[in-house]
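Chains as they are written, first to last, in this note's numbering: chain A, 1 to 229; chain B, 230 to 458; chain C, 459 to 687; chain D, 688 to 916.
Beta carbons are placed, not taken as given, at the ideal position from N, Cα and C, and that holds for glycine.
Protein chains: 4
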Amino acid sequence: MASRAPEPSSPPTTEPRRYVPPVVTGAGDLPRTARGRRTRAALIEAARGVFEDRGYIDARITDITQAAGVAHGTFYTYFDSKQEIFQEVMDALLEDFRTEADGTPLRGTGLIDRVERANRGYLRAYERNARMMGVIEQAAIINPELRHMRVESRRYWVDRAASSIARWQRDGLVSTDLDPRYCANALGSMVDRFAYVWLVLGEPFELEPAVDTLTTLYCRALDLDHQDV
Amino acid sequence: MASRAPEPSSPPTTEPRRYVPPVVTGAGDLPRTARGRRTRAALIEAARGVFEDRGYIDARITDITQAAGVAHGTFYTYFDSKQEIFQEVMDALLEDFRTEADGTPLRGTGLIDRVERANRGYLRAYERNARMMGVIEQAAIINPELRHMRVESRRYWVDRAASSIARWQRDGLVSTDLDPRYCANALGSMVDRFAYVWLVLGEPFELEPAVDTLTTLYCRALDLDHQDV
Amino acid sequence: MASRAPEPSSPPTTEPRRYVPPVVTGAGDLPRTARGRRTRAALIEAARGVFEDRGYIDARITDITQAAGVAHGTFYTYFDSKQEIFQEVMDALLEDFRTEADGTPLRGTGLIDRVERANRGYLRAYERNARMMGVIEQAAIINPELRHMRVESRRYWVDRAASSIARWQRDGLVSTDLDPRYCANALGSMVDRFAYVWLVLGEPFELEPAVDTLTTLYCRALDLDHQDV
Amino acid sequence: MASRAPEPSSPPTTEPRRYVPPVVTGAGDLPRTARGRRTRAALIEAARGVFEDRGYIDARITDITQAAGVAHGTFYTYFDSKQEIFQEVMDALLEDFRTEADGTPLRGTGLIDRVERANRGYLRAYERNARMMGVIEQAAIINPELRHMRVESRRYWVDRAASSIARWQRDGLVSTDLDPRYCANALGSMVDRFAYVWLVLGEPFELEPAVDTLTTLYCRALDLDHQDV
DNA sequence: GATGAATGAGGCTTCATTCAT
DNA sequence: TATGAATGAAGCCTCATTCAT
C-alpha cells in the first residue's frame with residue numbers, strides 16, 4: 001500500500017543531499033576584533049527582525065545591512081549567504097526553545113504533570129517565537145539544508161518522547177500494543193501542529209485551554225491517566 | 230456656449246473617464262472550442278507535473294508550456310498567473326481528497342471503525358498525492374491567497390470532526406470536559422502532520438501501522454474505545 | 459543661425475519616409491455584403507470610443523473588437539493594423555472639422571467677421587472632438603505615417619490662411635512687410651495651440667472670450683482692424 | 688496568560704506588521720563616491736543621446752546602459768525607471784532654456800526690443816534643443832507625470848507674459864479690453880508652436896525672419912508698436 | 001574591516017498578427 | 001465572413017554576489 005508513495009527519502013522540492021556540515025569559510029569563526037564582533041552581532045539581530053517582517057524568501061541582504069546600519073558589502077565579511085545567517089538565527093532560536101522547555105516550572109510530580117509541563121513549555125516558547133517559527137517553516141520548505149536542520153531538530157524532540165514512552169511501557173504504564181516511534185511522531189505532530197495553527201495561521205485559541213486539551217488528549221491516548229492514580 | 234463640449238478641465242488623452250474594463254484574458258470561463266478545452270486541460274496536467282518536480286517557487290511558466298507542448302504565450306490565453314493555474318491543480322486535488330476519503334470502505338459499524346476509515350482514507354489520499362501535498366504546503370506558506378485556500382480547506386475537515394465530537398458528547402460517548410473545537414484541531418493536526426512527516430519529509434512509516442496507531446490514539450484520547458463495547 | 463538646426467525634414471522619432479499612399483490591401487474597399495459593411499462600421503465606431511478612452515498607444519485590437527462585439531480575428535478581415543483603422547477615424551474627424559468650420563454662421567460681412575467665423579468654427583469643432591484631437595496629437599507624434607497625415611492636414615489650413623493674407627496684401631489691407639507663409643503659420647499655431655491648451659490640457663477658458671481674444675489678436679497683428687472701417 | 692504572545696489572529700509570515708520601507712535603490716541622493724557620480728552623469732548623458740535618437744517610447748534601458756558603457760543593472764543603481772532619468776534630462780534642458788532666454792543680448796531698450804529678445808532667445812534655445820523638444824512633446828503626451836512637468840513649465844512662461852501684459856495695461860500701453868491670461872496663452876502658443884512646426888516638424892523657416900515675424904505679430908496684436916514711438 | 005558601486009543571469013507578461021475551422 | 005486559439009519576440013526589473021578602494 002505504501003508502495004505507491006514516492007520515495008520517502010526524496011521530498012519533491014529539490015534533490016536531497018546528505019547532510020553536509022556547513023562549510024566553514026572565512027566567516028566561520030568569530031571575528032577577532034571587538035568591533036567585528038559587534039558588527040556581526042548587529043547583523044544577526046537585524047536579520048532576525050527582517051526575517052520576521054518579510055519572511056525568508058523576501059528578505060534581501062540589503063534589508064539586513066540597512067537594518068544593521070552597515071554597508072551592503074559588509075555582510076559578506078561575516079556570512080556567505082542568506083542561508084548562513086538564517087542558520088545562526090535559527091540556532092539561537094532553537095537553543096532558546098530548549099532552554100524554555102526545560103525551565104518551565106513543574107506543577108506536580110506525576111506523569112501528567114510532566115506531560116503538561118512539556119506542553120506548556122513548548123507552547124510558551126512557540127508563542128514567544130511565533131513569527132520566526134512561521135518563517136522557519138517557510139525556509140525549511142524551500143531550502144534543503146535548512147529543512148535538514150529542521151528535521152533534525154524535530155527528531156530531537158520526537159526521540160525524547162519515544163524514549164519516554166518506551167520507558168513507560170517497560171514500567172507497565174503504557175500499553176505495549178503501541179509502537180513508541182509511531183506514537184511519539186503522532187503525538188508530537190499534534191502538539192507542534194496545533195501550535196502552528198494557533199500561532200502562525202492565527203486560529204484563535206488561548207494558552208491554558210490549549211495546554212489542558214493537549215495534555216488531556218496526550219495522556220488519555222496513552223492511557224497515562226488511568227495509571228497515574 | 231460650451232454646451233456640447235466635454236469638461237475642459239479633464240484632458241482625455243490619459244485619464245479616460247468611461248472605464249473600459251481590461252480584457253480578461255484567462256481566468257474567465259472555459260474555452261469555447263474543443264481545441265481550447267484540450268489545450269487548457271493539457272496545461273493543467275503539465276502544471277501538476279512541473280509543480281511536483283520543481284515545487285511551487287521554482288516552477289516557471291516556461292516549464293509548464295514546454296511540458297504541455299504549446300507556445301509560451303498560450304499560457305496567458307487561459308491563466309493570468311502561476312497562482313491561478315496552481316489553484317486549479319489544487320482544487321482538483323482537494324476534490325480527489327474528499328472523494329477518496331468518503332469512498333474508503335467501512336470495515337465495521339462501530340465508532341472506532343468510522344475513525345479508522347476516516348484515517349485510512351485520509352492517509353491513502355495523502356499517499357497518492359504526496360508530492361503535491363508537499364508543494365501545497367510550500368505554496369500556502371508563500372502565497373497569501375493560496376494559504377487562505379488551504380486554511381479554508383483545513384477548516385472544512387476540522388469542522389466536520391468538531392461536529393462529530395460534539396454529537397458524541399451529546400450522546401454521552403465523549404467526556405464533556407473537552408472542548409470539541411480544541412480537540413478537533415489537535416487530533417486533526419495529529420493525523421495531518423503525521424502524514425506530512427511520513428510522506429513529505431520522508432520519515433519511514435507504513436500504512437497499516439500508521440492507521441492503527443492514529444486510530445488507537447484518536448479513540449483513546451476521546452475515550453471512545455471504552456464506550457464502544 | 460538656422461544652420462545649427464537639425465535637418466528640418468528629419469524629425470527625430472523615426473526615419474521619415476516620403477508619403478506612401480496607404481497600401482490598399484484586401485481591406486481597402488468596402489465590404490460587398492451588407493453584413494460586412496455593418497461589421498466594418500461597428501469596428502470604426504468602436505475604435506473611436508476606444509481611442510478616446512485609452513489613447514492611441516494603449517488601445518489594443520482586443521479592446522476594439524470587444525467593444526464592437528465581434529471576434530478578435532474579425533478585425534483583420536477589415537483592417538491590416540491599428541494604424542489603418544485609426545486613419546479611418548481620423549479621416550472622418552477631419553471631414554467633420556471642415557464641415558463645421560464652413561458651416562459656422564457668418565455674423566457680419568467684414569474681414570474681422572470672417573476671421574471670427576473661422577476662429578469660432580475651429581474652436582467649436584475642436585470642442586466637439588477634443589478627446590480625439592488629443593489622441594491624434596499623440597498618434598501623430600508616434601507614428602510617422604499618421605504624422606504625415608496630420609502635417610498635411612495642417613498645411614491645408616495654413617495654405618488657406620496664407621492665400622487670404624496674400625490677397626489682403628494685394629488689396630492693400632495688410633502691410634507687405636509681412637511674409638504670408640510665416641504669418642499664416644504663426645497665427646494658425648496661435649489658434650490651434652490655444653485650442654489644445656484649453657481643450658486637451660485642460661487650462662480653463664471659455665468659448666466666447668476665447669473667440670474674442672483670438673480674433674482681436676489675429677486682426678490687430680495684421681492691422682486688419684484699422685482697415686476694416 | 689497569553690500575555691507575552693503576539694496577537695494570535697495575525698500570522699506573521701506574510702503580513703508583516705512593522706513596515707520596513709523597501710530600499711530605495713535609485714532616486715535618492717547623489718552617489719557618495721566620485722566614481723558613482725561619474726557613472727550617474729554618464730548615464731544621463733547617454734540617455735539624452737538615446738532619447739534624441741529613438742524618442743521616448745522606443746528608448747530602452749538597454750540602449751542607455753550600452754551607450755554609457757555600463758552593465759544593465761547599473762541603471763537601477765541610480766534610477767528607478769525610464770521616466771525618472773528622462774526627468775533629469777528634461778530638467779537640465781529646461782534650465783538651459785531659461786539661461787539662454789535670459790542671456791540673449793538686448794538690442795535696444797524699447798518694448799519691442801524686449802519682445803524681440805525674448806522671442807529670439809526662445810527660438811535659439813529651441814533650435815539648440817530641437818530634437819529633445821520634440822521628444823519632450825512625445826513624452827509629455829504619453830506619460831501623465833511628465834505632462835504635468837511640461838504643463839507646469841509652460842505655465843511659468845505664460846505667467847511671466849501675463850504679468851508683463853497686465854503691467855503694460857496699467858501703464859496705458861496696452862488696451863484694457865484684452866484679458867492678459869487669454870492673451871499670454873494665445874501669444875505664447877503662437878511662438879512655442881511656431882518653433883515646434885519649424886524645428887520639430889521640419890517646416891522650412893529661418894531664424895531671422897521668424898524672429899521678425901513673431902515679434903511684429905506679437906507687438907501689433909497688443910498695439911505695442913504704436914505706443915513705442 | 002568597511003564601503004558602496006558594478007555585474008548580469010533569469011522570468012514574467014503583453015499583444016499584434018497569423019491560422020485552422 | 002466570422003471565429004477564437006496559438007504564436008513568440010521583446011524589454012523590464014530584481015538582487016545575490018563580486019570587486020576595487
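Sorted by chain position, which residues of the same chain lie with C-beta nearer than 8 Å to residue i's C-beta, five sequence neighbours on each side aside?
i                      : result
residue 752 of chain D : 730, 733, 758, 759, 761 and 762
residue 739 of chain D : 818, 819 and 822
Using only CA atoms, which one of the options lies nearest to residue i?
i                      : options                       : result
residue 116 of chain A : A/221, A/222 and A/213        : A/213
residue 826 of chain D : D/728, D/721, D/741 and D/719 : D/741
residue 98 of chain A  : A/154, A/81, A/86 and A/57    : A/154
residue 380 of chain B : A/203, A/87 and A/92          : A/203
residue 815 of chain D : D/832, D/874 and D/781        : D/781
residue 665 of chain C : C/515, C/649 and C/678        : C/649
residue 633 of chain C : C/678, C/562, C/673 and C/527 : C/678
residue 909 of chain D : D/727, D/855, D/876 and D/845 : D/855
residue 102 of chain A : A/109, A/118 and A/108        : A/118
residue 562 of chain C : C/518, C/543, C/615 and C/583 : C/583
residue 121 of chain A : A/156, A/60 and A/100         : A/100
residue 84 of chain A  : A/156, A/61, A/68 and A/171   : A/61
Which residues in the same chain as residue i place their Cβ atom closer than 6 Å to its Cβ, once the five residues preceding and following it in sequence are excluded?
i                      : result
residue 430 of chain B : none
residue 277 of chain B : 318
residue 480 of chain C : Note that residue 480 of chain C scores 39 on pLDDT, short of 50, meaning its location in the model is unreliable and no value can be drawn from it.
residue 746 of chain D : 737 and 738
residue 902 of chain D : 802, 803 and 806
residue 170 of chain A : none
residue 595 of chain C : none
Rounded to whole angstroms, how far is the Cβ of residue i from the Cβ of residue j, which I believe are closer than 8 Å?
i                      : j                      : result
residue 30 of chain A  : residue 38 of chain A  : Their Cβ separation, rounded to whole angstroms, is 11 Å, which puts residue 30 of chain A and residue 38 of chain A out of contact at 8 Å.
residue 669 of chain C : residue 569 of chain C : That pair is no contact at about 15 Å.
residue 407 of chain C : residue 571 of chain C : It is not possible to answer for residue 407 of chain C, since the shown part of chain C is limited to 459 through 687.
residue 224 of chain A : residue 173 of chain A : 7 Å
residue 880 of chain D : residue 539 of chain C : Between residue 539 of chain C and residue 880 of chain D the Cβ distance is about 30 Å, and since that is not below 8 Å, they are no contact.
residue 744 of chain D : residue 829 of chain D : 7 Å
residue 78 of chain A  : residue 40 of chain A  : 5 Å
Kindly list the residues whose CB is nearer than 7 Å to the CB of residue i, restricted to its own chain and excluding five residues on each side of it in sequence; keep chain order.
i                      : result
residue 149 of chain A : 87 and 90
residue 750 of chain D : 737 and 741
residue 198 of chain A : 205 and 210
residue 845 of chain D : 871, 872 and 875
residue 400 of chain C : Because chain C here runs from 459 to 687, residue 400 of chain C falls outside it and cannot be looked at.
residue 477 of chain C : Confidence at residue 477 of chain C is low in this model, with a pLDDT of 33, below 50, so its placement is unreliable and the value that follows should be read with caution. 606.
If we count the other Cβ atoms within 10 Å of its Cβ and call it buried at 16 or more, is residue i buried or exposed?
i                      : result
residue 263 of chain B : exposed
residue 376 of chain B : buried
residue 196 of chain A : buried
residue 256 of chain B : Any reading at residue 256 of chain B needs caution, since the residue's pLDDT is 44, under 50, leaving its predicted position unreliable; the model's value is listed next. Exposed: under 16 other Cβ atoms inside 10 Å.
residue 832 of chain D : exposed
residue 712 of chain D : Residue placement at residue 712 of chain D cannot be trusted, given a pLDDT of 45 that sits under 50; what the coordinates show is reported in the next sentence. Exposed: under 16 other Cβ atoms inside 10 Å.
Sufficient close CB pairs (3 or more, under 8 Å) joining the region 847–856 of chain D to the region 865–872 of chain D: yes
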